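For the protein sequence lines, the chains are E and W, in the order given.
Quick note on the numbering used here: the first sequence kicks off at 1 and runs consecutively.
Quick note on the numbering used here: the second sequence kicks off at 1 and runs consecutively.
Worksheet: the structure to be examined is printed underneath.
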Amino acid sequence: MDSPRVLRRARLLAAGAILMAAAAPALGADGAALPWWSWPLMLFAVTFAMGVIAVIAGVGGGVLFVPIVGGLFPFHLDFVRATGLLLALSGAMSAGPSLLRSGMASLRLAMPLALVASLASVGGALLGFALPTRVVQGALGATIMAIAVLMWRAKGSLVPHVAASDALGARLALHGRFVDASDGQEVHWRTHRTSAGIAVSALIGVLGGMFGLGAGWANVPALNLLMGAPFKVSVATSGLLISIANSSAAWVYLHKGAVVPLIAVPSIVGVMAGARLGAHLLGKLPARAVRQVVVALLAAAGLRALLAGLGIWE
Amino acid sequence: MTTHEEANARVQEIYARWLDAGTKLAFALLVCGFVGYAIGITEPYVPLAQLPDLWTLPVDHYNAAIHAPTGWRWLHHWWRSDYLTYFGVVALLITTIASMLRATSVLYALDERLQAWIALAQVVVLVLAAAGVASLH
Chain E
1 MDSPRVLRRA RLLAAGAILM AAAAPALGAD GAALPWWSWP LMLFAVTFAM
51 GVIAVIAGVG GGVLFVPIVG GLFPFHLDFV RATGLLLALS GAMSAGPSLL
101 RSGMASLRLA MPLALVASLA SVGGALLGFA LPTRVVQGAL GATIMAIAVL
151 MWRAKGSLVP HVAASDALGA RLALHGRFVD ASDGQEVHWR THRTSAGIAV
201 SALIGVLGGM FGLGAGWANV PALNLLMGAP FKVSVATSGL LISIANSSAA
251 WVYLHKGAVV PLIAVPSIVG VMAGARLGAH LLGKLPARAV RQVVVALLAA
301 AGLRALLAGL GIWE
Chain W
1 MTTHEEANAR VQEIYARWLD AGTKLAFALL VCGFVGYAIG ITEPYVPLAQ
51 LPDLWTLPVD HYNAAIHAPT GWRWLHHWWR SDYLTYFGVV ALLITTIASM
101 LRATSVLYAL DERLQAWIAL AQVVVLVLAA AGVASLH
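Here you go:
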């Protein structure tokens, strides 16, 4: 497909999704007035657009889904968080096999962090159900705004210099090598500050489980800047971490009855289909500009959730 | 390639194979289940037209309003078209457990005892979460 045609189609899809999203809250005030089938269609359109920009901006779908759908659609936050978690899980599990085979994702590195993160994410999910909705919404808003700041400022380090592994890292053999496909170079890596990495994973697990967010926004800086894993290994291993940690929290949401198929399935399919187009457009759209739009969107959605949580903007 | 790297590559390949197969199966179940739900293959537990009045409620109120079966009790209504979709979700979640369990046995066979114990602990955490030990009390 030639580039202008792809761009035209992408613009049309995005415009359609935005129109449907804009219509959703107005119509959602009297949800029964809409036929049931319009909801999955609107969700599909919005999440498709999200899937496209998530790939181009290099963020997970979950971090966009929860604040944006939570603000635009009339669904209670409990159902949005459950879907956000499943959505992040689906994306991470789909990408996992190829990332593992390429050697960029390291199961050895993910396992100790995932063990702590999955315990913490169950705690986070339970906390999310125990706290009043207003408190969860306000905390979600503050977290999303912090993520927007982190995305705006964070600079990854391609291959951080790690002089030596720490004792725990050496015991767990947290090292490896992969061939960077961009230049054919073999990259040898090792990590350090393992205990700090495990502690941060616990905190990330709580936030991921509580708000239904994929945690790539936090995992990648933790693995790359804190533990010293190469940027590509951090991105790939973060997906593996999400696929393990989110699955333990997802059981909590499923058992609580928060998974509503009419919300969850169109959203998962929409983001996955959008991500495929996003991957196709990756080299054709200005990633930096798209990332800036995503940061602005997140900041606005975070502010909206924070104000709703504080009772200022119902 | 050192023995350690060979072991690492072997575990990653096997984990990837199980993850790939399980995820594909889960998506197929999820999509088929949803198509069945949308075309009304069987009567859903919650009528589709009633959902917009219910999904604005917190999950506890939603469950109370429809007497929803929580935990694994949805299996008593497995043929209902909305719960048919749950099989895909469950398959997705079980895939992680199955893949990690397979990785545990490979790590143990390769004499990577510490990694095998970590993987086994992960399986236990996931199985307890699946059993609803924390969420159903």
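For every residue, glycine included, the Cβ atom is placed at its ideal position computed from N, Cα and C.
Since the structure is predicted, the reported quantities are computational estimates derived from the model, not experimental observations.
Near the ligand ZN: residue i beta-carbon under 7 Å from a heavy atom
i: residue 259/E; result: The model on display carries no ligand, and the ligand ZN is accordingly not part of it.
Within chain W, partners of residue i - CB distance below 7 Å
i: residue 265/E; result: 30, 34 and 85
i: residue 315/E; result: Because chain E here runs from 1 to 314, residue 315/E falls outside it and cannot be looked at.
i: residue 114/E; result: 122
i: residue 122/E; result: 129 and 134
i: residue 133/E; result: 58
i: residue 41/E; result: Near residue 41/E there are no residues of chain W at all, since even the closest Cβ is about 11 Å away, more than 7 Å.
i: residue 119/E; result: 125
8 Å contact criterion, which residue i and residue j should meet: CB distance rounded
i: residue 43/E; j: residue 267/E; result: 5 Å
i: residue 160/E; j: residue 228/E; result: 4 Å
i: residue 207/E; j: residue 133/E; result: About 17 Å separates the two Cβ atoms, so there is no contact after all.
i: residue 93/W; j: residue 251/E; result: 6 Å
i: residue 209/E; j: residue 305/E; result: With a Cβ gap of about 17 Å, residue 209/E and residue 305/E do not count as contacting.
i: residue 134/W; j: residue 126/E; result: 6 Å
i: residue 59/E; j: residue 294/E; result: 6 Å
i: residue 265/E; j: residue 230/E; result: Actually they are not in contact, since the Cβ atoms of residue 265/E and residue 230/E sit about 36 Å apart, beyond 8 Å.
i: residue 236/E; j: residue 105/E; result: 4 Å
i: residue 201/E; j: residue 96/W; result: In fact, because the Cβ distance is near 17 Å, the residues do not count as touching under 8 Å.
i: residue 223/E; j: residue 194/E; result: Not confirmed; about 11 Å, so no contact.
i: residue 315/E; j: residue 13/W; result: The question about residue 315/E has no answer here: the residues shown for chain E are numbered 1 through 314.
Residue i in three-state terms, based on DSSP
i: residue 176/E; result: strand
i: residue 189/E; result: strand
i: residue 49/E; result: helix
i: residue 227/E; result: coil
i: residue 76/W; result: helix
i: residue 163/E; result: coil
i: residue 110/W; result: coil
i: residue 4/W; result: helix
i: residue 312/E; result: coil
i: residue 45/W; result: coil
i: residue 42/E; result: helix
i: residue 67/W; result: coil
i: residue 99/W; result: helix
i: residue 318/E; result: What the structure shows of chain E is the stretch from 1 to 314, and residue 318/E is not part of that stretch, so it cannot be assessed.
i: residue 93/E; result: helix
i: residue 117/W; result: helix
i: residue 81/W; result: helix
i: residue 36/E; result: coil
i: residue 58/W; result: coil
i: residue 53/W; result: helix
i: residue 132/W; result: coil
i: residue 87/W; result: helix
i: residue 131/E; result: coil
i: residue 25/W; result: helix
i: residue 74/E; result: coil
i: residue 104/E; result: coil
i: residue 184/E; result: coil
i: residue 92/W; result: helix
i: residue 154/E; result: coil
Contacts of residue i in chain W (Cβ-Cβ under 8 Å)
i: residue 155/E; result: Those within 8 Å of residue 155/E in chain W number zero; the least Cβ separation is about 29 Å.
i: residue 261/E; result: 33, 34, 37, 82, 85 and 86
i: residue 47/E; result: Residues of chain W passing the Cβ test: none, with the nearest at roughly 14 Å.
i: residue 213/E; result: Within chain W, no residue comes near residue 213/E; the closest Cβ sits about 18 Å away, beyond 8 Å.
i: residue 127/E; result: Those do not exist, as residue 127/E stays about 11 Å from chain W at its closest Cβ, beyond 8 Å.
i: residue 271/E; result: Result: empty, since nearest Cβ-Cβ is about 12 Å, beyond 8 Å.
Beta-carbon neighbours of residue i, restricted to chain E and to distances below 9 Å
i: residue 103/W; result: 107 and 111
Chain-ordered chain E contacts of residue i [CB-CB under 7 Å]
i: residue 79/W; result: Within chain E, no residue comes near residue 79/W; the closest Cβ sits about 14 Å away, beyond 7 Å.
i: residue 40/W; result: Neighbours of residue 40/W on chain E: none; closest Cβ ~11 Å, over 7 Å.
i: residue 96/W; result: 243, 244 and 247
Cross-chain neighbours of residue i in chain E, by beta carbon under 8 Å
i: residue 91/W; result: Within 8 Å Cβ-Cβ: nothing; residue 91/W doesn't reach chain E, min ~11 Å.
Interface residues of chain B facing residue i [CB-CB closer than 8 Å]
i: residue 279/E; result: Note that chain B does not occur in the displayed structure, where the protein chains are E and W.
Partners in chain W for residue i, counting only beta-carbon separations shorter than 9 Å
i: residue 140/E; result: What residue 140/E touches in chain W: nothing, since even the nearest Cβ is about 15 Å away.
> Any residues in the segment 166-183 of chain E with a beta carbon nearer than 8 Å to a beta carbon of chain W? Which ones, in chain order?
Replying inline: With the criterion set as a beta carbon lying under 8 Å from some beta carbon of chain W, the members of the segment 166-183 of chain E are 171, 172, 173, 176 and 177, in sequence order.
> Which residues, in order along the segment 108-129 of chain W, keep a beta-carbon less than 9 Å from a beta-carbon of chain E?
Replying inline: 112, 114, 115, 118, 119, 121, 122, 125, 126, 128 and 129
> Given a limit of 9 Å on CB to CB distance, which residues of the segment 82-104 of chain E reach chain W?
Replying inline: 82, 86, 89, 90, 93, 94, 96, 97, 98, 99, 100, 101 and 103
> Between the segment 63-77 of chain W and chain E, which residues of the former have a C-beta closer than 7 Å to a C-beta of the latter?
Replying inline: 63, 68, 70 and 71
> Between the segment 6-29 of chain W and chain E, which residues of the former have a C-beta closer than 7 Å to a C-beta of the latter?
Replying inline: 8, 11, 12, 13, 15, 16, 19, 20 and 23
>> To be precise: take each residue of the segment 57-78 of chain E, compare its Cβ to all Cβ atoms of chain W, and keep it if any distance is under 7 Å. Which residues remain?
In response: 74, 75, 76 and 78
>> I'd like the ranges of any alpha helix (DSSP H) spanning at least 4 consecutive residues and lying wholly in the segment 230-306 of chain E.
In response: 231-256 and 261-281
> Using a Cβ cut-off of 7 Å, which residues of the segment 44-59 of chain W contact any Cβ in chain E, in chain order?
Replying inline: Against chain E - using a Cβ distance shorter than 7 Å - the residues of the segment 44-59 of chain W are 48, 49, 51, 52, 53, 55, 56, 57, 58 and 59.
> In chain order, what residues of the segment 234-258 of chain E put their CB closer than 7 Å to some CB of chain W?
Replying inline: 243, 244, 247, 248, 250, 251, 252, 254, 255, 256, 257 and 258
> What residues in the segment 184-203 of chain E have a beta carbon less than 7 Å from any beta carbon of chain W?
Replying inline: none
>> So if I threshold CB-CB distances at 7 Å, which residues from the segment 292-314 of chain E count as touching chain W?
In response: none
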